[in-house]
Every structure is written in structure tokens, then in C-alpha cells.
DNA sequence: ACACTAATGGCACTCGATGCCAAAATGGAA
DNA sequence: TTCCATTTTGGCATCGAGTGCCATTAGTGT
């Protein structure tokens, strides 16, 4: 689903971490995540650094086999601090996903109004999942981790919900309905279904990915249409 | 998604608990769940009793506000024992869901071969979610809990996966494909998408549920078709 | 009564997560 | 420079889910 703007090298380069750290979408709770201001003590680490440390450990000990303490040690900060940057261990692999939702919204709005709604949504989803070849390997690893680790698979629905919402809102706007109405909701759910199927197929393929993610999403979409029309 | 065969009264009557307790689908691990055999010490409780106790507490303290210790006390058994009946706290609300999958499989097989695949699947899903009026209120409460509690919402994907698999296998068989191929997978994902949308709409409606679940699923399905054809 | 079998439940322990708070660390003002 | 307001850090205690271990209990069959 994701689509991290620029380059996001996983183990060696820089992690997503775009723009100055923003406030969490799931507002006011216990500790307030760092937001590198002018005044006050500067942050001891960054999302990027934490994710790099975490993925390094995940690669060797697996997700479940890596404790938060270990990640903290690897990142050179206190465990307590990690929990200020990420609400939970499960949130680490997703990184700054929220950030990309604005981009997704923009992509949908870019679609010409002449296009039928379903086609516009489809195009938006495809574009959202198209990115430079050099950003693909790390993205692939990230998604593989997420889609093959049960805990993460489960946790991800909470992320998907925000993503679906973007679609539901777009469809609602274009069909004069409310985002909570049945059709917009179905559109969101089905778009997610398509994407997930596509990702699973994508991850199954040999690394010499002949068909890219966009192509597979296209294929899943046309597959759905032919399936539904017998 | 579910469909517990007979009567399954939530707070007052009997919980699902059909058939003699079977082995867990996710096989051999730590403690082996009870399977009331002839020999040996008899079980101190049952899935039904545990679920009743649990739901009683969930109703007053909420899901998160209810500890496993509390459930154990309410059910009159040790905490350790509860964990032998359910792999996790999150598994309690779903009850013996696995059991219903065989029934689902049977429903699909019942569909006439003359019916187009998508129609057969649709019918199967609809039938799966049709049940006696007196079983509805508790089912509704159960699903409301599951679909409105983030932890449960997330955890449920693991259950849904098995359910989707049933569809993927059916579609694969009828289209001479493999269950892991793109189209069967998409069919499973999309059927789930439809069902979830329908459930959400169903739960939103006032209790005087004019349209039942089957009708809403139908509506979601036709909605999808018209959405996809502009 | 005795052996066999299988579930129970207490205990200790790991790990994720949270509240609390004193101790950094920084920029700006006196 | 020193003090101050500000903001993050990280240690500590605590809670709750989940697991391994194992002696105990409660049946069945002989």
C-alpha cells in the first residue's frame, strides 16, 4: 500500500523520515512524540535511526525474537524513548506511513474528473504504488516483513483503515454520498483487497520482478472485473 | 462473517460450543487444549462457560478493562486454564469460529454448478450469514464488540484468512487454478471486503433492523458491480 | 485399592506498554 | 556567565498478556 516519496534505503541508507517530525495522528495520550523544536533538549535519535536499528535486528533475529530493549540498545537510547517515537513495536515497520496519506489524497485529486470514479480510484492506487526502481528492494523487504509476520499482518488493519478512508472520502465526494455510506465503504474495502492480493503476488515472484507492482494491480483489477462478469 | 449453527445466546443462553471440543487448528504448541476424553480428569469448564463469563465482564468493563485474571475468577477456574482453552484474550470473542468453516465449505459446494462462480460465491456468503432471528441479537453484540474494538479488529484478520482460504479454494477448483493464484485470492479478499462493509452497515442501523444481513450483502454486491461499471 | 491418564492451577518469568519524575541539554535573557 | 524556561531523556516501578514447569487432582478401568 505504501509509497514513500523519495529514497528510503532500508539497511544502509536513510529511512523515510521526511519532513520535520509531525505530531501523531492518534492524538494526545501519554508521552508526546518528539517534534524537534528550537528550544529545549534536542532529540537523542530519529525515526530513521530507530527503524534502521530495528530492521537490522529483525533481519537476524526475526520480529518476535527482537525485544524493544534490544532495539533501544542498538539505537543507543533508552527503551522508554523508543516508546515516545513509536506507539508500539508493531508500529515500527510501518514507519511514517501517515505522511504518505496526504500524497495519496493528492494523487486521487489529480485524476481527471472525466474518468469514471472506479477508474480514477484504480489509477490513484496504481500511482501510489509506483516508485523509483532503487527504492524498491527495501520497500519489498519492508512489505515482506509486514505481510508474513502474523502480528504485523493483524496490526496493519489499523493502518489500512486510514488508507481506506482516503478512498471512501474521494468516492463519496464524486458520487454525492457520505464517506460512511455503503458504496464508498465498499470501494475502500475492495481497493484494499485488490492491493493486498497484488502485494502478495508481488512478493511471491522471484526478485527479478518481471511484472512490477503497478502491472500486478492492473491485472488484479481486470481479473476482478472478469470474475464478476462470469 | 460467522454463522453459528444453532442457538447461541450470548449472556443468558448457551454459547456456540457445538460438538465435542476438537483440537485446535493451529496445532501443537505449549498447552494442549482440553478434548474431554473418556479417561483422565474431566475438564473444569467449557468454552461456552468461559465465553459467557468473559462477555459478562466485557459488557461492564469493556474489553481492554477486563483482565484474564478477572475472566478466570468469573469462570471459577485458574488463569492458566483459560489459556488452555483460548490461545489469547483476543480469541475469546470469536469463540469456536473454526468450526463454522466446514459448514461454509459445505454451503459453497451446495451451489449448483450451473451458477457462475461469482454468483455461487455470493450465494454461499449470503447463506453463511443467514440465521434464525432469535440468534441474531447475540450475534450482533458479538460482532459489534469485534468490529469496534481496535485490538479485536486487528486480530480478526487472522480469522478472516482462514475464511478467505475457503473461498479461494472453491474458486480455484471451479476455474482450474490454484488457490494461491491471483484470481482466487482476489475473490477471497473481495468477498471479505463485501462482507465487512455489509457488517459495518448492519451494525450502524437501528436495532429494528429492517434490512437483514443477507439483504445488505446483496446490496453491497450490486453496489460493487455498478461501481465497477461506472 | 491401584495404576493409568489427562486436566488443573499455582508459581516464576519474559516482554510489551505506561505512569511518574528527576536529570539532562539547549536557547535566550539578565 | 549564570539563571531560566523549555523540552527530551531515561531510569524505575508497575501492570497485564502469555508461557514453561510441575506437583496435584479427579476421573476410568482392572
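Chains as they are written, first to last, in the working numbering: chain A, 7 to 236; chain B, 7 to 236. All C-beta atoms, glycine included, are put in the ideal place defined by N, C-alpha and C.
Helix, strand or coil for residue i per DSSP?
i: residue 83 of chain B; result: coil
i: residue 52 of chain B; result: coil
i: residue 211 of chain A; result: coil
i: residue 148 of chain A; result: helix
i: residue 169 of chain B; result: helix
i: residue 121 of chain A; result: coil
i: residue 64 of chain A; result: helix
i: residue 220 of chain B; result: helix
i: residue 58 of chain B; result: helix
i: residue 135 of chain A; result: coil
i: residue 102 of chain A; result: coil
i: residue 91 of chain B; result: helix
i: residue 33 of chain B; result: Here the model assigns residue 33 of chain B a pLDDT of 37, short of 50, so the residue's position is not dependable and the matter cannot be decided.
i: residue 77 of chain B; result: helix
i: residue 69 of chain B; result: coil
i: residue 183 of chain A; result: coil
i: residue 39 of chain B; result: coil
i: residue 46 of chain A; result: coil
i: residue 2 of chain B; result: Past the edges of chain B, shown from 7 to 236, lies residue 2 of chain B, and the structure says nothing about it.
i: residue 155 of chain A; result: coil
Pick out whichever of the options has its Cα sitting closest to the Cα of residue i.
i: residue 39 of chain A; options: A:107, A:87, A:120, A:227; result: A:87
i: residue 169 of chain A; options: A:114, A:62, A:154; result: A:114
i: residue 152 of chain A; options: A:123, A:105, A:97, A:93; result: A:97
i: residue 224 of chain A; options: A:105, A:124, A:92; result: A:124
i: residue 1 of chain B; options: B:130, B:48, B:118; result: The requested residue 1 of chain B is not part of the displayed model; chain B covers only 7 to 236.
i: residue 65 of chain B; options: B:122, B:212, B:217, B:155; result: B:155
i: residue 234 of chain B; options: A:121, A:91, A:71; result: A:121
i: residue 2 of chain A; options: A:117, A:167, A:133; result: Any answer about residue 2 of chain A is impossible in this case: the structure gives chain A only from 7 up to 236.
i: residue 189 of chain B; options: A:216, A:200, A:78, A:177; result: A:200
i: residue 177 of chain A; options: B:46, B:221, B:236; result: B:236
i: residue 53 of chain B; options: B:46, B:90, B:44; result: B:90
i: residue 222 of chain A; options: A:136, A:55, A:187; result: A:136
i: residue 147 of chain B; options: B:187, B:212, B:47; result: B:212
i: residue 55 of chain A; options: A:45, A:82, A:46; result: A:82
Please return the same chain residues whose Cβ sits closer than 7 angstroms to the Cβ of residue i, not counting the five positions on each side in sequence.
i: residue 150 of chain A; result: 209
i: residue 74 of chain B; result: 85, 88, 95
i: residue 80 of chain B; result: 59, 62, 63
i: residue 187 of chain B; result: 178
i: residue 47 of chain A; result: none
Who are the near neighbours of residue i in its chain, counting only those whose CB is closer than 6 angstroms to its CB and skipping five residues on each side?
i: residue 165 of chain A; result: 100, 103
i: residue 191 of chain A; result: 174
i: residue 72 of chain A; result: 63, 64
i: residue 92 of chain B; result: 98
i: residue 3 of chain B; result: With chain B covering 7 to 236 only, the question about residue 3 of chain B has no answer from this structure.
i: residue 216 of chain B; result: none
Enumerate in chain order the residues of its own chain whose CB-to-CB distance from residue i is below 8 angstroms, with the five nearest sequence positions on each side excluded.
i: residue 118 of chain B; result: 126
i: residue 70 of chain B; result: 155, 157
i: residue 76 of chain B; result: 63, 67
i: residue 51 of chain B; result: 81, 82, 83, 87, 91
Proximal residues, the region 85-119 of chain A versus chain B, C-beta separation under 7 angstroms: Nothing from the region 85-119 of chain A brings a Cβ to less than 7 angstroms from some Cβ of chain B.
Contact between the region 198-213 of chain B and the region 175-184 of chain B (3+ Cβ pairs under 8 angstroms): no
The region 217-233 of chain A touching the region 186-200 of chain A, judged by at least three CB pairs closer than 8 angstroms: yes
Members of the region 48-63 of chain A that neighbour chain B once the beta carbon cut-off is set at 9 angstroms: none
Contact between the region 157-167 of chain B and the region 132-142 of chain B (3+ Cβ pairs under 8 angstroms): The region 157-167 of chain B, when compared against the region 132-142 of chain B, does not touch it at the 8 angstroms Cβ threshold.
Chain-ordered residues of the region 149-168 of chain B with a beta carbon less than 7 angstroms from chain A: Look at the region 149-168 of chain B: the residues with a C-beta under 7 angstroms from a C-beta of chain A are 156, 159, 160, 161, 163, 164.
At least 3 beta-carbon pairs within less than 8 angstroms: the region 162-176 of chain A vs the region 109-127 of chain A: Contact holds: three or more Cβ-Cβ distances are below 8 angstroms.
Members of the region 175-195 of chain B near chain A, C-beta cut-off 7 angstroms: 188, 189, 191, 192, 193, 195
Under 7 angstroms (Cβ pairs) to chain B, residues found in the region 207-234 of chain A: 207, 225, 226, 229, 230, 231, 233, 234
Proximal residues, the region 120-132 of chain A versus chain B, C-beta separation under 8 angstroms: 122, 123, 124, 125
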